[in-house]
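Everything below concerns the one structure shown next.
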Amino acid sequence: MRLVAGDSILNVPFNLFQDLFNIPANEVAATNVLADSFFSTGTWWTPSATNLWGEDPGDPGHFMAIFDFLFPFAPQVSGLDQPEIDPALLANGTAGLGQQFAMLAAAELPVSASCDAVQCAPLVPTDPITGLTALDRLIDFEKVFTNFPNADNQLGLFSHWLKVPLQQLLTGYQFPSTPADTANPTAAGIADPSAGVGPGGSVPGAPLDAVPGSEAQPGFGFPGTTTGPDGANLMPWAGTDVQLNPLGPFEQWFQSLEAPVNLNGFQLVGPDDVGQALKALAAGMVVDFNPFTPGSPLCPELCDQPPFAPPFGLTTADLVQSIQNVGPPNPLISEWLSLNSSGLANAPTPEQIDATVAGLQTGWFTLNPDTENQIVDYLDDINPNLAKLLVNSGLMTDPAYLGPWAGTGGPDSGVDVPAVPSELGGLDQTQIWPDLLGVVDPTGSLSNDLSDFWASLSSIWDGFGL
């Protein structure tokens, strides 16, 4: 086989062999990109500035990682070695497929202030119709989704979806630079409607030219929001020119096959590299998918009571630290632990957590405020613990959490979020037994007697050394 110094078809066999040889290294790199995207996004269980309906700053990394895994033999196709936002590559249609499809989603599925991290009325909080919470949510969804993708009688989120013609994306499209550019169909979603953990409600991130990888860096290699002229926190792609050209990356790869050979282009990975990448991925999955986190509908209230929190449970940080303790420290995990301890890891704000608890931890029945208050008053006259049992068991949504929420208290939607926990405690099945004891024994004497009995029994067992 003869190689030449310039571009030549004679170089294709060698360069193709090198690309195939580098597949393991590129798969490891893709694993690190996926881990980076998980750390950058934060939990998927509670809405936040990086976990919204529509394309938010936490989403492009997921697209990038998927295509990195799909094309490990051609980083030019996937965009493995490219930043999320490369203005030149995006403008001429040669950016990787991961980056291009992330921008496609940003254009066709923008976020909306009508469905932010605080509320998505009438879906969250539930607008009572029949009184059956699940049925009413389906009815409300049908109402706001009717006639999609037309804008009649729709939730603002859906009315701005699929509005950029595909032909315009193929020939060249520019994202708006400000929400004031209302002639642009994505203007309503070019600013993040929810407050992030950074200064001024921003989403912390990396410079535009950063490339996610195995080393710690700001934003895990993904850009956050930028500050617009009116102070709004703009999406990282605001003002960017994009041309959707799925064939462009393949053309770049074909050209690379004819490029002069690089004998130093072979990338080797060892067991340590693989282990570190999998370790980072495991920790990132815990950050995103651990269901026992504040705001999650799978644990009551703020998820801060046993058995879901210490000393019986483990926080997300505890689990991530336990993964970090296995083997040599991982720089990505160290970066997340440091950011989390300082409150700068992307995650829901306290207000967003309270709103999620109030909006999603609902009962079987959600009635109008007057009806629920009458029921609570009636039960209180009989036994105050009956109302608590009704709410804590999940039969009826807590009256304190009913929407719509109004006021000017919150930075996300200008709403006053209900305080959590409420007087009745909301949906909290750990309180069912105490509530039942309170119903049977309103004075508490039986509970005290039982406590004394168990204490005496424990002392007897201790006396026998058991």
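1046 is the number of the first residue of the sequence shown in our numbering; add one for each residue after it.
Heads up, the beta-carbon is just placed ideally off N, CA and C, and yes, glycines get one too.
Asked: Please state if the CB of N1375 and the CB of A1325 are separated by a distance shorter than 8 angstroms.; Found: yes
Asked: Quick check on the DSSP output: the alpha helix (DSSP H) that includes F1066 runs from which residue to which?; Found: 1057 to 1066
Asked: How many whole angstroms separate the CB atoms of G1404 and L1440, which I take to be in contact at a CB cut-off of 8 angstroms?; Found: Not quite, the Cβ-Cβ distance comes to about 18 angstroms (not below 8 angstroms), so this is no contact.
Asked: Please state the DSSP three-state secondary structure of M1280.; Found: coil
Asked: Got a sec, what are the start and stop residues for the alpha helix (DSSP H) Y1446 sits in?; Found: Careful: Y1446 lies outside any alpha helix (DSSP H) and carries neither H nor E.
Asked: Have a look at the DSSP bridge pairing and note the partners of Y1218.; Found: V1287
Asked: Measuring only the C-alpha atoms, how far is V1083 from M1330?; Found: The sequence shown places Phe at residue 1083, rather than the Val named in the question. So the alpha carbons of these two residues sit roughly 7 angstroms apart.
Asked: Between the region 1365 to 1372 and the region 1108 to 1128, do at least 3 Cβ pairs fall closer than 8 angstroms?; Found: no
Asked: Can P1102 and T1270 be called in contact, C-beta distance under 8 angstroms?; Found: yes
Asked: Assuming G1273 and A1236 are in contact, meaning their beta carbons sit under 8 angstroms apart, how far apart are those beta carbons, in whole angstroms?; Found: 7 angstroms
Asked: By DSSP, does S1501 sit in helix, in strand, or in coil?; Found: helix
Asked: Using the C-alpha atoms, what's the distance from M1109 back to A1147?; Found: 8 angstroms
Asked: Would a C-beta distance cut-off of 8 angstroms place A1445 and P1463 closer than the cut-off?; Found: yes
Asked: Does the distance from the CB of L1435 to the CB of L1424 come in under 8 angstroms?; Found: yes
Asked: Count the other C-beta atoms from every protein chain shown that fall within 10 angstroms of the C-beta of S1259, then say buried if there are 16 or more, exposed otherwise.; Found: buried
Asked: Nearest to T1086 by CA position, among P1395, S1386, V1402, W1381, is which residue?; Found: W1381
Asked: Would you mind giving the Cβ-Cβ distance between Q1397 and A1162, rounded to the nearest angstrom? I have them listed as a contact below 8 angstroms.; Found: 4 angstroms
Asked: Look at the Cβ atom of D1339, then the Cβ atom of A1233, and state whether they are nearer than 8 angstroms.; Found: First, the amino acid is wrong: residue 1339 is Pro here, not Asp. It is not a contact, given that the beta carbons lie outside the stated cut-off.
Asked: If you run the structure through DSSP and keep just helix, strand and coil, what is P1336?; Found: coil
Asked: Give, in chain order, every unbroken run of the alpha helix (DSSP H) that is at least 4 residues long and sits entirely within the region 1049 to 1135.; Found: 1057 to 1066, 1068 to 1086, 1105 to 1115, 1120 to 1123
Asked: Between the Cα of V1402 and the Cα atoms of V1465, A1166, P1305, which residue gives the shortest distance?; Found: V1465
Asked: Decide if P1395 is buried, meaning its Cβ has at least 16 other Cβ atoms within 10 Å, or exposed.; Found: exposed
Asked: Less than 8 angstroms separating the beta-carbons of L1472 and P1170?; Found: no
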